[in-house]
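Visitor: Its first residue numbered 282, the sequence shown is counted upward by one per residue in our numbering.
All C-beta atoms, glycine included, are put in the ideal place defined by N, C-alpha and C.
Being a predicted model, the structure only gives us computed values, none of them experimental.
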Amino acid sequence: MQASKNKNTEKAEPFYKVSVPKQKTSSEIINEARNFLRTLRTRRPFTPTEEQRRLFGSGSSRAPQSRPPSVFSLHASSFDLAESRPVSGVRLSPLKHKPVLVNSATDEDSSISFPKTLADAAEIRKASNARARLFRRTSWGNFLSAKTVPPDQSFQTEAAINESEEEKIFWHTKILPILHELEKEDNVENLCLACTKLYQVLNEENMLGKRFKRRNMLLKILYKLVDIDSDPLCLKLTKIILSMKVDGKNLLSVCKLAFKICRNEKNDYIIQSDGLLDCLLEVLRTEDLQKNNEALLYCMGAIKFMSGNAVLLNEMVKKGAVGMLLQLMKQINNIKENDRYFSNLGHLLVQLTATLRNLTDLAPARCQLIRSGAVSELCVALEQRMRDKDVCTYIVRIFSKLSSYNDFCTALADCSRCYILFLALLNKHQKQQDLVIRILFILGNLTAKNDQPREQLFQEKGSINTLISLFQTYHELDLNAQKWYQEKGREEKKRPKHPSEAEDVLIKLIRVLANVSVHPGIGAALAVARHVVDLLVTVLEYKSVDECEELVINATITINNLSYYKVKSSAVQDKKLHIAEMLLKLLMSNSMDGVVEAVRAFGNLSQYHEICDFIIRKKIHKFMIALLDAKNQDVCFSACGVLLNLTVDKNKQAFLMEEGGIGKLVDCLQDFGPSDWQLACLICKTLWNYSENSPSVASCFGEDTETLLMLLTSLLDAELALDYSLDRDVRDYHKLYWEREFKPVAEKLLDRIQNHQSLQL
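1. Starting from Ile976, trace the alpha helix (DSSP H) both ways and give me its first and last residue.
2. Can Met667 and Gln632 be called in contact, C-beta distance under 8 Å?
3. Between which two residues does the alpha helix (DSSP H) containing His779 stretch?
4. Could you round the C-beta distance between Ala539 and Leu561 to whole angstroms and report it? I think they count as a contact, below 8 Å.
5. For Pro326, name the three-state secondary structure that DSSP assigns.
6. Taking the Cβ atom as the reference point for each residue, do Gln714 and Glu664 lie within a distance shorter than 8 Å?
7. State the Cα-Cα distance for the pair Gln1035 and Asp874, rounded to the nearest angstrom.
8. Counting Cβ pairs, one atom from each stretch, are 3 or more of them under 8 Å apart for the stretch 593–608 and the stretch 637–647?
9. Output needed for Val809: all residues of its chain with C-beta closer than 7 Å, excluding positions within five of it in sequence on either side, in chain order.
10. Could you tell me whether the Cβ atoms of Leu683 and Arg719 are closer together than 8 Å?
11. So is Thr728 buried or exposed if we call it buried at 16+ other beta carbons inside 10 Å?
12. Using 8 Å as the threshold, is the C-beta distance between Leu721 and Lys789 below it?
13. How many Å lie between Ile701 and Glu741 at the Cα?
14. Runs of 4 residues minimum, wholly inside the stretch 806–844: which ones carry the alpha helix (DSSP H) assignment?
15. Between Cys690 and the rest of its own chain, which residues show a CB-CB distance below 7 Å, the 5 nearest in sequence each way excluded?
16. How should Met869 be labelled, buried or exposed, when 16 other C-beta atoms within 10 angstroms of its C-beta is the threshold for buried?
17. Please determine, among Ala979, Ile860, Glu470, the residue with the shortest C-alpha to C-alpha distance to Val820.
18. What span of residues does the alpha helix (DSSP H) with Ala729 cover, start to end?
19. Does the separation of the CB atoms of Pro734 and Ala694 fall below 8 Å?
20. Starting from the N-terminal side, write out each stretch of the alpha helix (DSSP H) that is 4 residues or longer and does not extend beyond the stretch 682–761.
21. Give me the residue from Arg898, Leu626, Asp549 with the minimum Cα distance to Asn590.
22. Gln608: which of Tyr846, Arg698, Leu630, Ser588 sits nearest, CA to CA?
23. Three-state secondary structure (DSSP) at Asn443?
24. Using the Cα positions of Ser697 and Phe680, report the straight-line distance between them to the nearest angstrom.
25. Short check: CB of Cys921 to CB of Thr986, under 8 Å?
26. What residue range is occupied by the uninterrupted alpha helix (DSSP H) comprising Arg1009?
27. State the Cα-Cα distance for the pair Lys945 and Thr928, rounded to the nearest angstrom.
28. Rounded to the nearest angstrom, how far is the Cβ of Gly954 from that of Val923, given a contact under 8 Å?
29. Give the straight-line distance between the Cα atoms of Glu470 and Gln346, rounded to the nearest whole angstrom.
30. Am I right that His628 and Arg348 are in contact with their C-beta atoms under 8 Å? What's the rounded C-beta distance?
31. So the alpha helix (DSSP H) Asn614 belongs to, where does it begin and stop?
32. Could you name the residues of the same chain whose beta carbon sits closer than 8 Å to that of Ser744, not counting the 5 residues immediately before and after it, in chain order?
33. Is it buried or exposed, Gln571, if we count other Cβ atoms within 10 angstroms and call 16 or more buried?
34. Can you round the beta-carbon distance between Leu479 and Met525 to whole angstroms, since I take them to be within the 8 Å contact cut?
35. Nearest to Thr477 by CA position, among Lys491, Leu460, Arg492, is which residue?
36. Is it buried or exposed, Arg898, if we count other Cβ atoms within 10 angstroms and call 16 or more buried?
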């Protein structure tokens, strides 16, 4: 209880560390945050990079037989030649003669292995031989030139194609020479150059898309070149074929070709300079979702692979990929579960959300996601795909990454349904550690800043029961792992230094409890929740700080938060002596962070007489006095809080004379007073309590009296004590705390010392 502010009061009451004013000032709020209730930080869960690029990762919940393949055979016959017809509107009559076009010589030649670049002469000869086999029974003269075939036997005669004279000239003067180059070249690099030239010519003459009358003839030739097993060449072909706006089977095949090229990480460099990304984004933007869902799957898969490359990832952001992906997600979300396309579109959604997760690594992409309302669409997808662990995992990974940023936390907190969705996921996938740990990380971030998310989470039906159930599940898993290590102790003495999967879940889960307990109503409710307190205490019982420091410290901080609430039937109060025993073990550990947290916890618990007796009996007060020499403000602050509570009992005040306690308190006041008025106030309160029943200054402060007198005099001089060179906000805070908290206590203490001196005179 705080002493009266009236200097003339004859009987002053002792100062307690805890004060609960009716209306808190800003300084008291800051003081409370420092002393009693604290939220916790933790590391974001680690996501390992897949060793191989695949449509679905190694941890996918999809059975191999029920998901589209990542590896497949792809060759010229994969394309539909009949589909590549002109769009002139003229119906072609059946042809009496069809030139014989040859596929690759054998099945072995036509199969496609994993993508690879042509790195040496042997690879070049391989491509040259494949090209020779391709065209050895069909001369380019017969195939390409309409003049060498009778008009009624050509693919499409100049009467059937119905092209203008200008278009005829374009074909013969611009396109045919390039096709002849493709005929005579044996070198893959030159074939690639010819394809580049072909694309440039078509683009310059505005003949990409479906405008070009001889488009079908050109596409047939390009399809044939796919049988040459060269990723650089196939990249050129893919870009042209996509730019010609193929559809149906051909769109699927060319998207698979793009997927095959992007699957090989070694191709990233050539992809960066060839504009394939633009073509794939155009497919996403324009193609029908339901009609071409399989083609879009492989197109999106290729984009996902690209997003694993930093350069291409930046390109995606610049080209507006975030907005396109969200539009596509919105279309997918509009397909309901009873629709026949729903299941297949789940495969596409996996690729899309995996790409969005990669995009969240970039600040511009994060800003676009927040501005464009990504939260609501992601929540809709999460709700609709609750049974699809792969989709849920990627969406949760997106939220996990973004929840590290305050503006996103605000947006997510505004989506009130997110809490019920997260709890439903935790209940449904309780043993899926990778999913559970990220949801807990998100909830920890949401509840770290303000009371609204804490209330929303706590008010959801069964929220605390869900957390308790998870706590029990992963506590048991951790115990089993600990027993396993103990049994193997003779063979394996070393445990992993980083937290195990079960420990990491417990770390994140306890963080959520600590954060919500900052809310007065929730904290008081948790303090009487015996299951919660029992589990927290159990962590301190079975887990040493050497085994998992973060877990032990988080449990200690949470218990400390709950001990702040003096409510009837508090489980913390009932277990306070047992908790004190556990804290003593932590106090004696080699972890400085653990020691500091144990001291802070004793700061709250030492308001109980039983704990004060325990502290004196175990000689913990000597340890607290020794910590005053730590030359660390926070350590001194926590230790001084315990000493303050001990001095409330007049029978325990004399202990401050032990170990030079008075001198160390005066030294702390001198070292930290001007820069830390909270600590200065705490020291003065402790000295006030200590000197309350002293008959004289000499017997009270001894040789430190004069130093303390001069120090208080100077610290009470605003001109000397306050640093006016500080930033205005910081200066105002210092002045506020100096005036409202430090000055009243210091003046009372100074008056007492001066009064004692005058009486002695």
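Guide: The relevant details are as follows:
1. Per the sequence shown, the amino acid found at residue 976 is Pro instead of Ile. Per DSSP, Pro976 belongs to no alpha helix (DSSP H) and is neither H nor E.
2. Result no, Cβ atoms of Met667 and Gln632 do not sit closer than 8 Å.
3. Judged by DSSP secondary structure, His779 falls outside any alpha helix (DSSP H); it is assigned neither H nor E.
4. Right, their Cβ atoms sit about 6 Å apart.
5. Note: Pro326 maps to coil in three-state DSSP.
6. Cβ atoms of Gln714 and Glu664: not closer than 8 Å.
7. In a straight line, the C-alpha of Gln1035 is about 40 Å away from that of Asp874.
8. A contact is defined here as three or more CB-CB pairs under 8 Å, and the stretch 593–608 meets this definition with respect to the stretch 637–647.
9. If we look at Val809 and ignore the five residues flanking it on each side, its Cβ neighbours are Val848, Ser850, Ser851, Ala852.
10. Not in contact: Leu683 and Arg719 (Cβ atoms no closer than 8 Å).
11. That one is buried.
12. By the CB criterion at 8 Å, Leu721 and Lys789 fall inside the cutoff.
13. Linking Ile701 to Glu741 through their CA atoms gives a straight-line distance of about 7 Å.
14. Within the stretch 806–844, the complete alpha helix (DSSP H) segments of 4 residues or longer fall at 811–823, 830–844, listed in chain order.
15. Spatial neighbours of Cys690 in its own chain (CB-CB distance under 7 Å, excluding positions within 5 residues in sequence) are listed in chain order as Ser684, Asn726, Leu727, Lys730.
16. Exposed.
17. Out of Ala979, Ile860, Glu470, Ile860 has the C-alpha closest to the C-alpha of Val820.
18. Here Ala729 belongs to no alpha helix (DSSP H), and DSSP marks it neither H nor E.
19. Their beta carbons are under 8 Å apart, which means Pro734 touches Ala694 by this criterion.
20. Counting whole runs of 4 or more residues, the stretch 682–761 contains the alpha helix (DSSP H) stretches 687–695, 698–709, 714–727, 732–740.
21. Minimum Cα distance to Asn590 is reached at Asp549.
22. Comparing Cα positions, the closest option is Leu630.
23. Asn443 falls in the coil class under three-state DSSP.
24. Each residue's alpha carbon lies about 15 Å from the other.
25. The answer is no: Cβ separation not under 8 Å.
26. Per DSSP, Arg1009 belongs to the alpha helix (DSSP H) from 1009–1018.
27. Near 15 Å, if we compare the C-alpha coordinates of Thr928 and Lys945.
28. Incorrect: roughly 20 Å between the Cβ atoms, too far for contact.
29. Rounded to the nearest whole angstrom, the C-alpha separation of Glu470 and Gln346 is 39 Å.
30. Right, the Cβ-Cβ distance comes to about 7 Å (below 8 Å), so this counts as a contact.
31. Residues 602–614.
32. Excluding residues within five positions, the ones whose Cβ falls inside 8 Å are Tyr700, Leu704, Leu738.
33. In this structure Gln571 is exposed. Its beta-carbon is surrounded by fewer than 16 other beta-carbon atoms within 10 angstroms.
34. That belief does not hold up - the Cβ atoms of Leu479 and Met525 are roughly 11 Å apart, past 8 Å.
35. Checked all of Lys491, Leu460, Arg492; the closest Cα to Thr477 is Leu460.
36. With fewer than 16 Cβ atoms within 10 Å of its Cβ, Arg898 is classed as exposed.
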